[in-house]
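Colleague: There's a structure below that I have some questions on.
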Amino acid sequence: MRVLVSACLLGERCRYDGALKDDISETLQLLGLTPVAVCPEVLGGLAVPRPPSEIRNGSGRDVWLFSAAVINKEGRDVTNEFMLGAVKTLSVAMKQNIKFAVLKSKSPSCGVHEIYSGDFSGRLVEGMGVCAYLLCANGIVVMDEKDLKNKIK
Ligand code: SF4
365 MRVLVSACLL GERCRYDGAL KDDISETLQL LGLTPVAVCP EVLGGLAVPR
415 PPSEIRNGSG RDVWLFSAAV INKEGRDVTN EFMLGAVKTL SVAMKQNIKF
465 AVLKSKSPSC GVHEIYSGDF SGRLVEGMGV CAYLLCANGI VVMDEKDLKN
515 KIK
């Protein structure tokens, strides 16, 4: 079965800082899942490296309700790039009839359970990232890499 996966969880250097993080390729293979890599922020036109961004005044849901914005650490509003990347990610899923996604925790795009608070203080708040919310609202089951690891314990 094909699953949508945050590209930074598959060894791609697409994070804002270009760093490598957890690689879940082996876990996916053990579960017989075929990953389809996506990075919503890069799909939205943002570069690597780039300043980190956080959602101000809410979560990904509020971004889609136009009551919150994604602002990078330099103060630039990157909401449009985040929304465009999320729409492109949803389009990949729909074209390939993908029903599940494993996304990177805490990201303003991909976070599933919690995201940073919006003031770059390191504080986490409950809520989804911009892309995770759009996928979920369109019937795709989303989980993060920790949920996936818990499933095979
Ligand atoms: S968390 Fe999502 S948006 Fe951020 S680098 Fe990983 S795939 Fe890209």
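Remember, the working numbering sits 364 above the position in the sequence shown when you count from 1.
Idealized CB from N, CA, C, for every residue including glycine.
1) So, is L384 buried or exposed, given that buried needs 16 or more other C-beta atoms within 10 angstroms?
2) Could you tell me which residues DSSP pairs with M507 in its beta bridges?
3) Compute the minimum distance between the beta carbon of V489 and the heavy atoms of ligand 1, and state whether it is under 7 Å.
4) Using a 10 Å radius around the Cβ and a threshold of 16 neighbouring Cβ atoms, would you call A450 buried or exposed?
5) Could you give the distance in angstroms between the alpha-carbon of K468 and the alpha-carbon of G475?
6) Taking R414 as the reference, which of G439, A433, G396 has the closest Cα?
Modeller: On the basis of the data shown:
1) exposed
2) V466
3) no
4) buried
5) 6 Å
6) G439
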